[in-house]
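Visitor:
Number of protein chains: 2
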Amino acid sequence: MTHTFNLVPNQQITPERFFSAVNSYQLTEAIKSAIELEIFTAITEGNTTSETISKRCQATERGVRILCDFLTIHGFLTKQGAAYSLPEDSALFLDRHSPAYVGSAIEFLLTPRLLECHAHLTEAVRRGGTALGEGMLDPESPDWVKYALAMMPMARRPAEIIATELRKDSEAHKVLDIAASHGMFGILVAKQNPAAHIYASDWKNVLKVAQKNADAMGVGDRYHLIPGSAFETEFGNGYDLALVTNILHGFDAPTCTKLMRKVSAALNPGGRAAIAEYVPNSDRVSPATAAAFSLTMLAATPSGDAYTYAELEGISKAAGFVRVDLSSVELGRNRLVIAYR
Amino acid sequence: MTHTFNLVPNQQITPERFFSAVNSYQLTEAIKSAIELEIFTAITEGNTTSETISKRCQATERGVRILCDFLTIHGFLTKQGAAYSLPEDSALFLDRHSPAYVGSAIEFLLTPRLLECHAHLTEAVRRGGTALGEGMLDPESPDWVKYALAMMPMARRPAEIIATELRKDSEAHKVLDIAASHGMFGILVAKQNPAAHIYASDWKNVLKVAQKNADAMGVGDRYHLIPGSAFETEFGNGYDLALVTNILHGFDAPTCTKLMRKVSAALNPGGRAAIAEYVPNSDRVSPATAAAFSLTMLAATPSGDAYTYAELEGISKAAGFVRVDLSSVELGRNRLVIAYR
Numbered sequence: 000m001t002h003t004f005n006l007v008p009n010q011q012i013t014p015e016r017f018f019s020a021v022n023s024y025q026l027t028e029a030i031k032s033a034i035e036l037e038i039f040t041a042i043t044e045g046n047t048t049s050e051t052i053s054k055r056c057q058a059t060e061r062g063v064r065i066l067c068d069f070l071t072i073h074g075f076l077t078k079q080g081a082a083y084s085l086p087e088d089s090a091l092f093l094d095r096h097s098p099a100y101v102g103s104a105i106e107f108l109l110t111p112r113l114l115e116c117h118a119h120l121t122e123a124v125r126r127g128g129t130a131l132g133e134g135m136l137d138p139e140s141p142d143w144v145k146y147a148l149a150m151m152p153m154a155r156r157p158a159e160i161i162a163t164e165l166r167k168d169s170e171a172h173k174v175l176d177i178a179a180s181h182g183m184f185g186i187l188v189a190k191q192n193p194a195a196h197i198y199a200s201d202w203k204n205v206l207k208v209a210q211k212n213a214d215a216m217g218v219g220d221r222y223h224l225i226p227g228s229a230f231e232t233e234f235g236n237g238y239d240l241a242l243v244t245n246i247l248h249g250f251d252a253p254t255c256t257k258l259m260r261k262v263s264a265a266l267n268p269g270g271r272a273a274i275a276e277y278v279p280n281s282d283r284v285s286p287a288t289a290a291a292f293s294l295t296m297l298a299a300t301p302s303g304d305a306y307t308y309a310e311l312e313g314i315s316k317a318a319g320f321v322r323v324d325l326s327s328v329e330l331g332r333n334r335l336v337i338a339y340r
Numbered sequence: 000m001t002h003t004f005n006l007v008p009n010q011q012i013t014p015e016r017f018f019s020a021v022n023s024y025q026l027t028e029a030i031k032s033a034i035e036l037e038i039f040t041a042i043t044e045g046n047t048t049s050e051t052i053s054k055r056c057q058a059t060e061r062g063v064r065i066l067c068d069f070l071t072i073h074g075f076l077t078k079q080g081a082a083y084s085l086p087e088d089s090a091l092f093l094d095r096h097s098p099a100y101v102g103s104a105i106e107f108l109l110t111p112r113l114l115e116c117h118a119h120l121t122e123a124v125r126r127g128g129t130a131l132g133e134g135m136l137d138p139e140s141p142d143w144v145k146y147a148l149a150m151m152p153m154a155r156r157p158a159e160i161i162a163t164e165l166r167k168d169s170e171a172h173k174v175l176d177i178a179a180s181h182g183m184f185g186i187l188v189a190k191q192n193p194a195a196h197i198y199a200s201d202w203k204n205v206l207k208v209a210q211k212n213a214d215a216m217g218v219g220d221r222y223h224l225i226p227g228s229a230f231e232t233e234f235g236n237g238y239d240l241a242l243v244t245n246i247l248h249g250f251d252a253p254t255c256t257k258l259m260r261k262v263s264a265a266l267n268p269g270g271r272a273a274i275a276e277y278v279p280n281s282d283r284v285s286p287a288t289a290a291a292f293s294l295t296m297l298a299a300t301p302s303g304d305a306y307t308y309a310e311l312e313g314i315s316k317a318a319g320f321v322r323v324d325l326s327s328v329e330l331g332r333n334r335l336v337i338a339y340r
């Protein structure tokens, strides 16, 4: 058997991309361990060798050395001789003392149910949706409390940007916040406009987190709760603005249309729905983060997806909105789509 | 609370590296699903749209579309309009019809025990070795049969290169192959020298695979089995050459020294031990693949590691070898170290 198979470097084609992909779960485990053990925090505190880090983190020198070398290989640390240090992004986001710390995100992103959903990806591809019942969409799932607690730090800045952007058009006084979660999107509107009242829709267990945040941020007296499924609860009416953030991706287009029709009915004429979503381009493979989010929905929901702008526009118009705009405001991973009733 | 936290692109520091690392397990799942569903093979056969691929792979169009887009984002496919195609490396290594197919490697690399070891990485860092008993080193573990079957295609070419390299010095007639596994390393020596007899040491269940391969490759009559632990079985003596491939990394240095002393005792004066290993540089963070292998050993063995050349030289000399060379021969991920008795 003679063939061109080749594991030799410096020649053109190797299977390294494949092996690297197969083993990429190790990087998930390594970054999780580093957060759990507070490796980045320990280094910021001045423990720079595997020996001193291991004492601070209550681990073995050997284990810390191997983990830190792995983190160095993947760019999360730098190494000079035996001393590790933090590149700028690790220092800003992964040191627990940093106000920009995002390490808590693993509490949701690596929740066992989500990992289990992905462990059944082949079956999900076969059936076109999660292999595990409702996936992440079970009513009152404790995972959405985890989400609210874990993702709050990451939501504040985009929520602030959205609130500021929406005020440029007109002030909203009665605001419906669907899938409120940590509450940041509604709370930031209330912070910017002292006349605004927020009506937050989410599961009852999740709304406890939102109310707590609203209280802590001084808008608790203008914060009202609508506990239960957004598909079933009574929103009321007379809203100027509805915040529809990170919920449509969980459902198929007809279900999204149904929800948006209910939102439309709750809005005053001329009212707006602000949709914040992962919005891939029409090629569905760019930008990478937004486009890749489809896979999460395939693994973890019965029929969710990351929708293109054209699809979100179609859903909104089918639900009775007369005009739909894709905002140019920069939100990082998400885009802002505004639908006008 | 005002801080520099920032999820906005086009500015300098973002937490994207972190989020990408946390989610990198999804790439493992995606490539596994693609191999299991034979996506790459289906495309080579002329099924280029998610619709036609889904029929060939017995999956839903929606599931295939989302998976193929994800594979495109990660460079395993290219996409033009609705048509997917294979880049050169995917075509060569991931199409089941290709003689260079390596997809079978997932059968070992993603074996449940290995994943479970990594799922306990934090505990492994704390204790300095696998959290799960002997990790992957349980006697007669069926995972090493999986290894022998799954990794055989990847071993043939390096085995051929090593056999050719070793002949430049002298022909070996009696060859000890420790951790023989699929048998490739010994079998290729026997293929190149019709006078060579190979004595293969490995677990009994694993040696069945090696013997079958030796038979299939026409050297079965010169292939002899030494079943059991390499630390306990009787090797005999009079060997010109010992092949010590991919075994030392499983153990700590004193245990490696003990094994190498046993190898030395089995060799004739002037005999050689050929060690093929992941050999990181003394910085322990390069080259990436060899250096990263330390983490696998931390997670999956009580005290294994990827050893630098200086460490392998130290182990060999402590075991009674008089000269140790690092060969410049190119083996891809591994290096060849030759120890002379």
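Chains A and B, in that order, give the protein sequences. The opening position of the first sequence corresponds to residue 0 in numbering that gives the first Met the number 0, with each subsequent residue numbered one higher. The opening position of the second sequence corresponds to residue 0 in numbering that gives the first Met the number 0, with each subsequent residue numbered one higher. Backbone N, C-alpha and C define an ideal beta-carbon position, used for all residues, glycine too.
Does any residue of chain A bring its CB to less than 8 Å from the CB of B/Glu87?
Guide: Cβ-Cβ to chain A under 8 Å: yes for B/Glu87.
Visitor: Does A/Ser180 have its Cβ less than 8 Å from a Cβ in chain B?
Guide: False, the Cβ-Cβ gap to chain B never drops below 8 Å.
Visitor: Provide the residue span of the alpha helix (DSSP H) that contains A/Gln79, from first to last.
Guide: It is not in any alpha helix (DSSP H) - A/Gln79 instead sits in the beta strand (DSSP E) that spans 77–79.
Visitor: Going by C-alpha distance, which of B/Thr163, B/Glu329, B/Ala265 is nearest B/Asn192?
Guide: B/Asn192 has its Cα closest to that of B/Thr163, out of B/Thr163, B/Glu329, B/Ala265.
Visitor: Please list, in chain order, the residues of the stretch 238–250 of chain A that have any C-beta partner in chain B closer than 7 Å.
Guide: Correct list: empty, as no residue qualifies.
Visitor: Which runs of the alpha helix (DSSP H) fall wholly inside the stretch 95–174 of chain B and span at least 4 residues, in chain order?
Guide: Here the runs fully enclosed are 105–108, 111–118, 120–126, 141–166.
Visitor: Does the beta carbon of B/Ser23 come closer than 8 Å to any beta carbon on chain A?
Guide: Yes, because at least one Cβ of chain A sits closer than 8 Å to the Cβ of B/Ser23.
Visitor: Which residues does DSSP pair with A/Ser200 in a beta bridge?
Guide: Looking at the DSSP assignment, A/Ser200 forms a beta bridge with A/Ile177, A/Ile225.
Visitor: Could you tell me the distance, in whole angstroms, from the CA atom of A/Thr27 to the CA atom of A/Gly45?
Guide: Cα-Cα distance, rounded: 25 Å.
Visitor: If you drop the 5 nearest sequence neighbours on each side, which residues of the same chain put their C-beta closer than 6 Å to that of A/Ala338?
Guide: Closer than 6 Å at the Cβ level, and outside the excluded window around A/Ala338, lie Ala272, Ser315, Phe320, Val323.
Visitor: Verify the CB distance criterion: does B/Leu131 have a CB-CB separation below 8 Å to chain A?
Guide: With 8 Å as the cut-off, B/Leu131 does not count as an interface residue toward chain A.
Visitor: Would you say A/Arg125 faces chain B, with C-beta separation under 8 Å as the test?
Guide: Yes - at least one Cβ of chain B is within 8 Å of the one on A/Arg125.
Visitor: Could you tell me which residues DSSP pairs with A/Thr244 in its beta bridges?
Guide: A/Thr244 is bridged to A/Ala275.
Visitor: Note down, in chain order, every chain A residue with its Cβ under 9 Å from the Cβ of B/Ile30.
Guide: Those are Phe17, Ala20, Val21, Ser23, listed as they occur along chain A.
Visitor: Would you tell me roughly how many angstroms separate the C-alpha atoms of A/Leu335 and A/Cys255, rounded to the nearest one?
Guide: Cα-Cα distance, rounded: 16 Å.
Visitor: Can you pull out the residues from the stretch 60–80 of chain A whose beta carbon lies closer than 8 Å to at least one beta carbon of chain B?
Guide: Going along the stretch 60–80 of chain A in chain order, one finds Glu60, Arg61, Gly62, Val63, Arg64, Ile65, Leu66, Asp68, Phe69, Thr71, Ile72, His73, Gly74, Phe75, Lys78 with a Cβ nearer than 8 Å to chain B.
Visitor: Select from the stretch 286–302 of chain B all residues with a C-beta closer than 9 Å to any C-beta belonging to chain A, and list them in chain order.
Guide: So the close ones are Pro286, Ala287, Thr288, Ala290, Ala291, Ser293, Leu294, Thr295, Met296, Leu297, Ala298, Ser302.
Visitor: Work out the CA separation of B/Leu294 and A/Ile161 for me, nearest whole Å.
Guide: Distance between the alpha carbons of A/Ile161 and B/Leu294 is about 42 Å.
Visitor: Should B/Phe230 be labelled buried (16 or more other beta-carbon atoms within 10 Å of its own) or exposed?
Guide: By the neighbour-count rule (16 or more Cβ atoms within 10 Å), B/Phe230 is not buried but exposed.
Visitor: Determine, using beta carbons only, whether A/Val218 comes closer than 8 Å to chain B.
Guide: With 8 Å as the cut-off, A/Val218 does not count as an interface residue toward chain B.
Visitor: Suppose contacts are defined by Cβ-Cβ distances below 8 Å. Is B/Ile42 in contact with A/Val21 by that definition?
Guide: No; because the gap between Cβ atoms is not below 8 Å, this pair is not in contact.
Visitor: Restricting to Cα atoms, I'd like to know which of B/Ser326, B/Phe250, B/Ala290 is closest to B/Glu133.
Guide: That would be B/Phe250, whose Cα lies nearest to the Cα of B/Glu133.
Visitor: Relative to chain B, which residues along the stretch 254–288 of chain A have a C-beta separation below 9 Å, given in chain order?
Guide: Answer in chain order: Pro279, Asp282, Arg283, Val284, Ser285, Pro286, Ala287, Thr288.
Visitor: Would you mind giving the Cβ-Cβ distance between B/Pro152 and B/Ser97, rounded to the nearest angstrom? I have them listed as a contact below 8 Å.
Guide: Between B/Ser97 and B/Pro152 the Cβ distance is about 10 Å, and since that is not below 8 Å, they are no contact.
Visitor: If I measure Cβ to Cβ from B/Val328 and keep anything under 7 Å in the same chain, skipping five residues before and after, which residues do I get?
Guide: The answer, listed in chain order, is Ile160, Glu164, Leu335.
Visitor: Would you tell me roughly how many angstroms separate the C-alpha atoms of A/Leu6 and B/Tyr277, rounded to the nearest one?
Guide: In this predicted model, A/Leu6 has a pLDDT of only 47, less than 50, meaning its place in the structure is not dependable; the value taken from the coordinates is given anyway. Taking the straight line joining both Cα atoms gives about 14 Å.
Visitor: Who are the Cβ neighbours of B/Val262 in its own chain at under 6 Å, not counting the five residues just before and after it?
Guide: So the list reads Ala241, Ala272, once near-sequence residues are dropped.
Visitor: Please tell me whether, using a cut-off of 7 Å, the distance from the CB of A/Asp94 to the nearest non-hydrogen atom of the ligand GDP is below it.
Guide: Among the ligands in the structure shown, none appear at all, so the ligand GDP cannot be discussed.
Visitor: Please report how far the alpha carbon of A/Arg55 lies from the alpha carbon of B/Trp202, in whole angstroms.
Guide: Taking the straight line from one Cα to the other gives about 42 Å.
Visitor: Let's test the definition: count the other Cβ atoms within 10 Å of the Cβ of B/Glu37 and tell me whether it reaches 16, buried, or not, exposed.
Guide: Counting Cβ neighbours within 10 Å, B/Glu37 comes out buried, since at least 16 surround it.
Visitor: Determine, for B/Gln57, whether the minimum Cβ-Cβ distance to residues of chain A falls below 8 Å.
Guide: It does: the Cβ of B/Gln57 has a partner Cβ on chain A nearer than 8 Å.
Visitor: I'd like to check one pair, A/Arg61 with B/Gly127: are the Cβ atoms closer than 8 Å?
Guide: Yes, they are a contact pair.
Visitor: Leaving out five residues before and five after A/Thr307 in sequence, what residues of the same chain have Cβ atoms less than 8 Å from its Cβ?
Guide: Only Val278, Pro279, Asn280, Ser281, Arg283 meet the Cβ criterion.
Visitor: Does the separation of the CB atoms of B/Ala189 and B/Ala147 fall below 8 Å?
Guide: No, the Cβ-Cβ distance between B/Ala189 and B/Ala147 is not below 8 Å.
Visitor: Name the DSSP beta bridge partners of A/Arg322, please?
Guide: DSSP lists A/Tyr339 as partners of A/Arg322.
Visitor: Are the C-beta atoms of A/Ala186 and some chain B residue less than 8 Å apart?
Guide: Note that residue 186 of chain A is Ile in the sequence shown, not Ala. No, its Cβ sits nowhere closer than 8 Å to a Cβ of chain B.
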